[in-house]
Each structure stands twice: as C-alpha cells, then as structure tokens.
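Enquirer: Using the UniProt record's numbering, you'd call the opening residue of the sequence shown number 1 and step up by one each time.
One structure is given below, represented as structure tokens, and several questions about it will come after.
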Amino acid sequence: MHASNTPDHILRARLPRWLLPAAWPQQGHQPALADLHLAQGRIVRVLPHGTSPVPQGAVWDVAGALVLPGLVDAHTHLDKAFTLPRMGVVKPGLLGAIDAMMVDRQGWTEADIHARASRALQWAYDAGTVHLRTHCDWWEPDAQPLAWNVQRALAHDWADRITLERVSLIPLHLYADRSIAMRLAATVAASGPGALLGGFVHSTNWDAQALRHLFEAAQHHGMNVDLHVDEELHPGAQGLATTAALLKELRFEGHVVCGHTCALAAQDEATALATLDAVAQSPITLVTLPITNLLLQDATTGRTPRQRGLTLVKEARARGIPVLVASDNVQDPFCPVGSFDPLEALATGVLAAQLDAPFDQWSESLCRTDWLRTGPAALPLQPGAVADLLVFTQADHWGFPSRTQGAQGRVVLRQGRVASGHAPAAWHVPTTQSARSLA
Ligand SMILES: [Zn+2]
Numbered sequence: 001m002h003a004s005n006t007p008d009h010i011l012r013a014r015l016p017r018w019l020l021p022a023a024w025p026q027q028g029h030q031p032a033l034a035d036l037h038l039a040q041g042r043i044v045r046v047l048p049h050g051t052s053p054v055p056q057g058a059v060w061d062v063a064g065a066l067v068l069p070g071l072v073d074a075h076t077h078l079d080k081a082f083t084l085p086r087m088g089v090v091k092p093g094l095l096g097a098i099d100a101m102m103v104d105r106q107g108w109t110e111a112d113i114h115a116r117a118s119r120a121l122q123w124a125y126d127a128g129t130v131h132l133r134t135h136c137d138w139w140e141p142d143a144q145p146l147a148w149n150v151q152r153a154l155a156h157d158w159a160d161r162i163t164l165e166r167v168s169l170i171p172l173h174l175y176a177d178r179s180i181a182m183r184l185a186a187t188v189a190a191s192g193p194g195a196l197l198g199g200f201v202h203s204t205n206w207d208a209q210a211l212r213h214l215f216e217a218a219q220h221h222g223m224n225v226d227l228h229v230d231e232e233l234h235p236g237a238q239g240l241a242t243t244a245a246l247l248k249e250l251r252f253e254g255h256v257v258c259g260h261t262c263a264l265a266a267q268d269e270a271t272a273l274a275t276l277d278a279v280a281q282s283p284i285t286l287v288t289l290p291i292t293n294l295l296l297q298d299a300t301t302g303r304t305p306r307q308r309g310l311t312l313v314k315e316a317r318a319r320g321i322p323v324l325v326a327s328d329n330v331q332d333p334f335c336p337v338g339s340f341d342p343l344e345a346l347a348t349g350v351l352a353a354q355l356d357a358p359f360d361q362w363s364e365s366l367c368r369t370d371w372l373r374t375g376p377a378a379l380p381l382q383p384g385a386v387a388d389l390l391v392f393t394q395a396d397h398w399g400f401p402s403r404t405q406g407a408q409g410r411v412v413l414r415q416g417r418v419a420s421g422h423a424p425a426a427w428h429v430p431t432t433q434s435a436r437s438l439a
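As structure tokens, this is what we get:
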C-alpha cells in the first residue's frame, strides 16, 4: 500500500522550534513531535503528537521526519539565470561580472529570457519555494527592459504556484534627478501588484541625494523598496546606515529590504553595531546571499580569499532584525553554481557564518514570507493557512540542511497535495490501526 498523495493527517512531524508556541512540550532536548491535521488543502490545526482525537481519513506517520512550511526565496535574478554557459572568460569579482552581463544582454530576446526564467521557476517550484522575489536589471530612465515585461507575464502565469515579486534593479545615478526618480517610480508602480522599486547602492556610485530621491519617490507612490546595498568590503560604504537614517527622517511607511550589506563585516565593530541598532528601529529586513558573497567578495585572480564577505547575521538577529537567506545568482557570470534551492543557500550560510541550530533556529530565514512586508508578524502553519509543506525524507535534526537536497531528499506538498518527490510507502498508516499503534 502506498502512502496517499493527499494526507488528511501527518503524524509525528518534527517542526522547528521557531515555529512552535513557547508552551509546546519538550521531548528530551527537542520539541515534542507534532500532528498536523489538514482539510481542503489547508491547515486545520497543529497539536503535540497524541493529544488529538483518533484520525479519520488518509494518515501519514512520518516518524519524526523534519517538516517546514513552504519556502521563500527573497532575492534572485531570473533575467540573468543560466547565461554563463554561453559566455567566454569572465573577470573575477562583482564589477567584472557586471561587465560580462552587459555584453550578453545585447543579445537577449523575449523568448530567450522567457525560457531561462521559466526553467528557474520550475527549479524553484520543485525545491518547494512558494514565494520568490526577482531583481530585474533596468538601465534607462524611459524604457522598460524586455525582461521586466517577460517577468510580469510570468508572474501572472505562475500565480497559482509561486508568488513572484519583481524589483526594478536601477543604478543609483538614475535617481540623481528628482523628476526622473518620480517618473521611474510611477512606471514601476503602474506595472501591477508585486512590483517594487529597487536600486544598486555601492561606494563606487555613492550619491546620498539620489538615495533620498529613491525613497521620496517610493513614498509618494506607496511602494515597498528592495535594494542591493553595500555589496562590497569597503569599510567606507554607507548605504545601509544612510538608508536607516532616511527612513526615520522621511517617516517612511513602506517596507524596505536591504540585500547583501557585506560592508558591515569590514567596518570597525562599534560603527557596524551602531548601524544595526538604527536598522533595528526601522522597517528593514536584511537578506544575506552566502553563495554569491563567498564567490564575489575579496575575489582576485590567483589569490585565495581572506574574508568571507557575509553581513553580520548573528548580530542582526540578536537585535530582532529579520534576516532572510536567499539564492541570488544562479549559473550566470556572478555565480557559476546554484540551483534555486533556498536550502542550498542555507547550507552554505551554515558553514560561512557558523550558524548554530540550522533547523530549529535558522530555517526561519527560509520561511518567513511576512518578513517581506509591513504589518503584524504572521507565522506559517496557523489554522486556515494553505498547507504548503516540505517533509524531509533523509535528514534528521543533525543532518539538516546537508541531507535535504535533490528530489530524493524531500516531499513537497502544495495545498495539501504531493507536488514533487514521493511519499515513502512506510508513511502509510491504515486508519483503523492508527489509534492503536500511534497513541
Ligand atoms: Zn542580487
């Protein structure tokens, strides 16, 4: 007998500690296992194992398997994905990659972008991602890039599978003129729901006035903002500190994501921590991109990197600042590897940032979609929530996230139904036995 593809009950699931209420019982040093009750593709309730009535319907006993809610990939570049195989030699480092990308971009067509981005979305879907944010290169004040329109169509086509948000990745100098900044924001805002104003903020293009215009324009159009900020190890980079100060001064009402912020790691401790104290007082979520930061920061041909290039994730979390871990570039000149699997990014972050308790604590950085918007905190898997779940078939608490990757490593449920992977036959429980054997 095979396990059902639409379980009504998932018994003995190991959920991460961050997801459970403070009063949840302990079993030894770990949280007690959970029973998840589903109906019509939604969560009915989640209770400690054995405390709920005898299950009726299709039952899985996952015997302590790790379970997470659907994943968020907060920072990707669908327009650039999978371009590397057709490029020649690319100079190392961030600026060399930008040069290579500008050459390749001249040959982009709608069909090319659509094919590459669709492949990326399929990989993300198979990985269990339910919410994905993509940054789209935007380099002219008055013309929308081809990729922006393609991604708008893809957001529509994929709406029932992945929530796709699109960020206009605009170089900071285009915001130097306030009227152009306003026009850019109007264009992005008019392109429908899921569009955010973005920018690339770096010490090589630093312009405090332009950054102010960016936020004024976003405020004027009621938009959220997502920036590439201080993606460098120059201690003089001031994008994040200036952003926090501007949000306070403008009483900015939207939500802001600051991606990368690597420079914090290069600054003296007191300066960096003072910036984080200011960030903690503002509506900023940090996104860290361990794979690309390890590859692009402190990168010189023929020289072994000395620095890791990651932002101060532990200090940020200690201050209550939301921190998401995301994929960034995949198989393009910025990053030759990658798979649109957020768990791969987390596995890299666990090593690069020496993260403790990857499952019980840091898996939160792959699941908190609410950290991409303003409003009250909304934990996943609450009663009534859509039953988007990942059940890991190979990894226990100690094998996470190493043994989660690939199709064999997980079963993904969407709206309560298996969408990828295979539920092992051993999970199947005849309903009549369940009360006896599992109590
Ligand atoms: Zn990026």
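Note that CB positions come from ideal geometry on N, CA and C, so glycine has one too.
For Arg414, I'd like the list of residues in its chain whose CB is within less than 6 Å of its CB, leaving aside the five on either flank, ordered along the chain.
Expert: The residues are Asp388.
Enquirer: At a cut-off of 7 Å, would you count His9 as near ligand 1, judging by its Cβ distance to the nearest heavy atom?
Expert: No, since every heavy atom of ligand 1 falls outside the 7 Å radius drawn around the Cβ of His9.
Enquirer: So, is Asp341 buried or exposed, given that buried needs 16 or more other C-beta atoms within 10 angstroms?
Expert: The residue is buried, with at least 16 neighbouring Cβ atoms inside 10 Å.
Enquirer: Tell me the rounded alpha-carbon separation between Val256 and Leu196.
Expert: 10 Å
Enquirer: Helix, strand or coil for Pro7? Go by DSSP, reduced to three states.
Expert: coil
Enquirer: With 16 other CB atoms within 10 Å as the buried threshold, where does Trp398 fall?
Expert: exposed
Enquirer: Between Ser363 and Pro16, is the Cβ-Cβ spacing less than 8 Å?
Expert: yes
Enquirer: Helix, strand or coil: how does DSSP classify Ala426 here?
Expert: helix
Enquirer: Would you tell me roughly how many angstroms separate the C-alpha atoms of Val411 and Leu296, rounded to the nearest one?
Expert: If you take the alpha carbons of Val411 and Leu296, they lie about 33 Å apart.
Enquirer: Less than 7 Å between the CB of Asp328 and some heavy atom of ligand 1, yes or no?
Expert: yes
Enquirer: Using C-beta distances below 8 Å, list every residue in its chain close to Gly194, excluding the 5 sequence neighbours before and after it, in chain order.
Expert: Ala155, Thr163, Leu164, Glu165, Arg166
Enquirer: Along the alpha helix (DSSP H) that carries Leu174, what are the first and last residues, could you check?
Expert: Leu174 -> no alpha helix (DSSP H), and no H or E assigned at all.
Enquirer: Skipping 5 residues on each side, what residues in its chain have a beta carbon closer than 8 Å to that of Ala439?
Expert: Unreliable placement is indicated for Ala439, whose pLDDT of 44 sits below 50; the coordinate value is still reported in the next sentence. Here the set comprises Gly50.
Enquirer: Between Phe400 and the rest of its own chain, which residues show a CB-CB distance below 8 Å, the 5 nearest in sequence each way excluded?
Expert: Leu66, Pro358, Phe359, Ser363, Phe392
Enquirer: Quick check on DSSP: helix, strand or coil for Phe340?
Expert: coil
Enquirer: For the segment 363-381 and the segment 85-96, state whether three or more C-beta atom pairs, one from each stretch, are separated by less than 8 Å.
Expert: no
Enquirer: Within 10 Å of its beta-carbon, does Lys91 have 16 or more other beta-carbons around it, so buried, or fewer, so exposed?
Expert: exposed
Enquirer: To test your reading of the DSSP string, which unbroken beta strand (DSSP E) runs of 3 or more residues are found completely within the segment 206-251?
Expert: 225-229
Enquirer: Leaving out the 5 sequence neighbours to the left and right, which residues in its chain are closer than 6 Å to Gly259 when beta-carbon positions are compared?
Expert: His75, His228, Val287
Enquirer: Contact check, Leu84 vs Pro333 under 8 Å by CB: the rounded distance?
Expert: 6 Å
Enquirer: Considering Cα atoms alone, identify which of Phe215, Asp160, Ser203, Ala208 is closest to Ala186.
Expert: Phe215
Enquirer: Measure the Cβ-Cβ separation of His135 and Leu169 and say whether it is below 8 Å.
Expert: yes
Enquirer: For the pair the segment 135-147 and the segment 52-71, tell me if three or more CB-CB distances fall below 8 Å.
Expert: Using a C-beta cut-off of 8 Å, the segment 135-147 makes no contact with the segment 52-71, since fewer than three inter-stretch Cβ pairs fall below that distance.
Enquirer: Does the beta carbon of His75 fall short of 7 Å from some heavy atom of ligand 1?
Expert: yes
Enquirer: Can you check DSSP and say which residues form a bridge with Leu132?
Expert: Answer by DSSP bridge pairing, in chain order: Asp73, Leu164.
Enquirer: In terms of DSSP beta bridges, what is Asp360 paired with?
Expert: Asp360 pairs with nothing; no bridge assigned.
Enquirer: On a CA-only basis, which of His213, Val150, Gly64 is nearest Trp427? Give me that one, please.
Expert: When His213, Val150, Gly64 are compared, the shortest CA-CA separation from Trp427 is found for Gly64.
Enquirer: Could you give the DSSP three-state label for Ala270: helix, strand or coil?
Expert: helix
Enquirer: Give every residue of the same chain whose Cβ lies closer than 8 Å to the Cβ of His173, excluding the five residues on either side of it in the sequence, and list them in chain order.
Expert: Asn205, Asp207, Ala210
Enquirer: Name, in chain order, the residues that DSSP records as bridge partners for Cys335.
Expert: Looking at the DSSP assignment, Cys335 forms a beta bridge with Asp332.
Enquirer: In the DSSP assignment, what residue or residues form a beta bridge with Gln27?
Expert: Gln30
Enquirer: According to the neighbour-count rule (16 or more other Cβ atoms, all chains shown, within 10 Å of its Cβ), is residue 445 buried or exposed?
Expert: Lying before the first or after the last residue shown, residue 445 is absent from the chain, which here runs from 1 to 439.
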